[in-house]
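What follows is one structure encoded as structure tokens, with my remarks underneath.
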RNA sequence: GGCCUUGUCGUCUAGUCCGGUCAGGACGCCAGGUUUUCAUCCUGGUAACACGGGUUCGAAUCCCGUCGAGGCUACCA
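Numbering (my numbering), first residue to last: 3 to 479.
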């Protein structure tokens with residue numbers, strides 16, 4: 003049985019890159035009928051927060067990446083916990099002692115200044131600096147200043163990366179690295195090895211910024227006699243300037259996208275296609291479909307730029323796919339968020355407003371941007387009431403015709419108002435434009451807007467007649 | 001600097017393993033159609049094999065070199 007894990011550090015909200023790494027771990031685990039686990043890497047007590055952890059696990063579940071094991075919104079799942087590193091200090095200690103015992107790790111009293119001097123000396127001789135601590139064979143008693151380093155011997159470490167292929171490192175270029183500040187404070191490269199072993203992780207799928215850490219972890223893994231792990235290093239998601247996605251780039255947290263009204267299925271689809279494809283032209287997949295088709299072999303090797311326009315396009319596709327009920331639910335929610343007074347409308351009207359917006363928005367936060375005219379009589383320049391070469395008098399006549407027509411139509415017939423009006427236009431030998439343009443502008447006050455039929459159905463007969471009269475009045479001025 | 005990774009339209013990518021269709025699709029952009037207008041939708045167009053050698057009848061694909069990009073180089077993760 004294979005097992006993957008995502009091991010986020012709770013030092014900020016769920017990052018888009020973390021989400022994608024989680025997604026690929028989830029996809030691989032599910033495709034292989036294995037287990038997807040979440041472990042919280044909060045060894046850095048200073049930067050880790052409870053809120054970040056909460057945001058991360060909530061965000062992952064919102065995306066549908068529900069863990070089989072580890073930390074979840076319902077608490078911890080599984081027998082191999084605790085799944086927060088901050089609660090595992092007692093577990094790490096014996097392994098640290100084992101490494102000291104075996105001579106693979108040693109206490110080192112080198113100060114920062116002393117290391118700087120060694121660096122300088124190497125520099126002066128224009129040699130490559132590799133730290134070989136003078137304490138590596140000394141077995142000193144640790145003091146307050148001591149740190150525990152791994153004794154690196156000269157060898158070659160290689161592994162077959164499931165995405166990048168064969169990768170080899172020469173450890174003679176690797177310094178004696180620190181694995182713990184003291185017996186109670188082990189560092190990342192060490193704990194990750196212990197946890198992955200104890201939690202029986204079989205496949206480590208992570209960002210390719212971790213490639214350089216891999217030989218260190220393999221060294222520790224071997225010294226402890228642990229089982230060999232499979233590695234797969236994902237290419238990074240890049241900002242438009244090809245740099246690592248950071249604060250400089252707009253929205254980097256899943257929370258921000260969620261709040262803007264991006265759908266989880268859109269985000270999943272987008273993130274999956276950012277670095278993976280089935281080998282054909284298909285571009286829309288549900289999470290289940292990606293699971294079925296997923297393979298690490300088809301993961302891209304180079305970084306991908308995060309293109310918000312593509313996300314928008316995918317999101318608007320999924321918005322249109324939503325059931326009418328869901329569209330109304332989310333639409334209403336965002337209308338309220340955007341401070342529109344929805345109490346003005348009954349259920350039917352609200353439904354119409356949202357339906358009118360569905361084709362126009364890329365994300366739900368866009369809702370309501372250009373429809374404030376529905377709420378109140380708009381102010382506008384009367385010149386725009388004229389269709390093409392119409393004179394003021396033509397516009398007034400046109401509006402009068404519309405007024406008389408709407409006056410005769412019952413609100414109960416508003417479902418078919420488009421048909422009624424168009425039929426009347428034909429019958430009276432009018433042009434569509436000469437009637438519909440002035441009418442629409444009278445109702446919306448805009449040169450570009452939804453159709454008059456949709457607006458009438460929402461604002462109702464009384465308001466429609468009022469606005470037509472208003473338009474006639476400002477034309478007469 | 002060193003080590004590692006990586007290079008196909010502006011962007012995401014198919015094709016590369018196993019050389020041989022005008023290098024395909026999507027997003028964007030442009031044009032046309034539909035519509036009173038906008039949006040939606042439909043049709044079409046624009047645009048790429050980083051560069052230089054080599055192997056070959058033939059190279060995006062194989063080999064060598066160059067250049068570019070990114071990551072790491074912490075007592076962070």
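Beta carbons: idealized from backbone N, C-alpha and C, even for Gly. Keep in mind it's a predicted model, so treat the numbers as computed, not measured.
Hey, how far is the Cα of residue i from the Cα of residue j?
| i | j | result |
| --- | --- | --- |
| residue 213 | residue 204 | 17 Å |
| residue 37 | residue 62 | 15 Å |
| residue 402 | residue 470 | 8 Å |
| residue 348 | residue 474 | 29 Å |
| residue 329 | residue 35 | 34 Å |
| residue 409 | residue 422 | 12 Å |
| residue 9 | residue 144 | 31 Å |
| residue 102 | residue 153 | 10 Å |
| residue 277 | residue 463 | 53 Å |
| residue 280 | residue 251 | 29 Å |
| residue 245 | residue 372 | 35 Å |
| residue 450 | residue 326 | 25 Å |
| residue 242 | residue 176 | 33 Å |
| residue 318 | residue 258 | 17 Å |
| residue 382 | residue 479 | 14 Å |
| residue 428 | residue 380 | 29 Å |
Quick one: measure Cβ to Cβ for residue i and residue j, integer angstroms, because I've assumed they're closer than 8 Å.
| i | j | result |
| --- | --- | --- |
| residue 351 | residue 460 | 5 Å |
| residue 1 | residue 178 | For the chain, the structure presents residues 3 to 479; residue 1 sits outside this window and is missing. |
| residue 256 | residue 21 | 5 Å |
| residue 458 | residue 445 | 7 Å |
| residue 411 | residue 455 | About 11 Å; that fails the 8 Å criterion. |
With the cut-off set at 8 Å, would you say residue i and residue j are in Cβ contact?
| i | j | result |
| --- | --- | --- |
| residue 194 | residue 219 | yes |
| residue 322 | residue 360 | yes |
| residue 287 | residue 274 | yes |
| residue 71 | residue 79 | yes |
| residue 6 | residue 33 | no |
| residue 181 | residue 217 | no |
| residue 200 | residue 82 | yes |
| residue 127 | residue 235 | no |
| residue 365 | residue 472 | no |
| residue 117 | residue 73 | no |
| residue 198 | residue 207 | no |
| residue 44 | residue 12 | yes |
| residue 316 | residue 268 | yes |
| residue 426 | residue 448 | no |
| residue 238 | residue 308 | no |
| residue 377 | residue 345 | no |
| residue 222 | residue 191 | yes |
| residue 29 | residue 293 | yes |
| residue 324 | residue 272 | no |
| residue 85 | residue 47 | no |
| residue 104 | residue 147 | no |
| residue 18 | residue 173 | no |
| residue 389 | residue 440 | yes |
| residue 25 | residue 270 | yes |
| residue 107 | residue 262 | no |
| residue 405 | residue 332 | no |
Excluding sequence positions up to five away, which residues of its chain have a Cβ less than 6 Å from the Cβ of residue i?
| i | result |
| --- | --- |
| residue 452 | 358 |
| residue 340 | 370 |
| residue 155 | none |
| residue 157 | 173 |
| residue 185 | 95 and 98 |
| residue 443 | 386 and 387 |
What residues in its chain sit with their C-beta under 8 Å from that of residue i, if we drop five residues either side in the sequence?
| i | result |
| --- | --- |
| residue 75 | 59, 60 and 63 |
| residue 183 | 149, 150 and 189 |
| residue 477 | 384, 387, 394, 397, 398 and 401 |
| residue 343 | 377 |
| residue 413 | 462 and 463 |
Here's a check: name, in chain order, each residue in its chain whose Cβ is nearer than 7 Å to the Cβ of residue i, leaving out the five neighbours to either side.
| i | result |
| --- | --- |
| residue 266 | 64, 65 and 66 |
| residue 142 | 109 and 111 |
| residue 298 | 30, 164, 165 and 234 |
| residue 337 | 344, 369 and 370 |
Exercise. Is the segment 43–59 touching the segment 95–105, taking contact as three or more C-beta pairs under 8 Å?
Worked result: no
Exercise. So, do the segment 282–299 and the segment 393–401 have three or more beta carbon pairs nearer to each other than 8 Å?
Worked result: no
Exercise. Hey, is the segment 157–172 in contact with the segment 102–122, meaning 3+ C-beta pairs nearer than 8 Å?
Worked result: no
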